[in-house]
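Trainee: I have a structure here, written as structure tokens, and I will follow up with some questions on it.
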Amino acid sequence: MEEDRATKTFEAHLSTLMQTHGIDRDTAIRWDLDAMGLSKDDLDFYGLGFYAYQHGLKTNYFDKTAA
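All residue numbers for the sequence shown refer to our numbering, where the first residue is 165 and numbers rise by one.
Below you can see the structure in the form of structure tokens.
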């Protein structure tokens with residue numbers, strides 16, 4: 165249940181970014197990463213699983229979706 169809520173919240177957040185700024189999903193994710201202060205080095209070390217975890221998603225969330 166919590167997982168479903170986290171997924172809906174995250175996807176709604178990305179959707180809002182995409183609609184508001186006329187950007188694609190990949191750009192919305194990059195902007196969100198930047199806003200969270202996660203650098204390329206962080207992602208190289210931790211991977212997108214860390215980003216997913218920060219949003220309450222399963223760490224393999226991006227293995228299932230295009231990022």
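Where a beta carbon is used, it is the ideal one built from N, C-alpha and C, also for glycine.
Return the first residue and the last residue of the alpha helix (DSSP H) that Gly-186 is part of.
Mentor: Here Gly-186 belongs to no alpha helix (DSSP H), and DSSP marks it neither H nor E.
Trainee: Would you grab the beta carbon distance between Gly-220 and Glu-175 for me? Rounded to a whole angstrom, and I think it's under 8 angstroms.
Mentor: That belief does not hold up - the Cβ atoms of Gly-220 and Glu-175 are roughly 12 angstroms apart, past 8 angstroms.
Trainee: With distances taken between CB atoms, is the gap from Asp-227 to Phe-214 smaller than 9 angstroms?
Mentor: no
Trainee: How about Asp-196 and Leu-178: are their beta carbons less than 9 angstroms apart?
Mentor: yes
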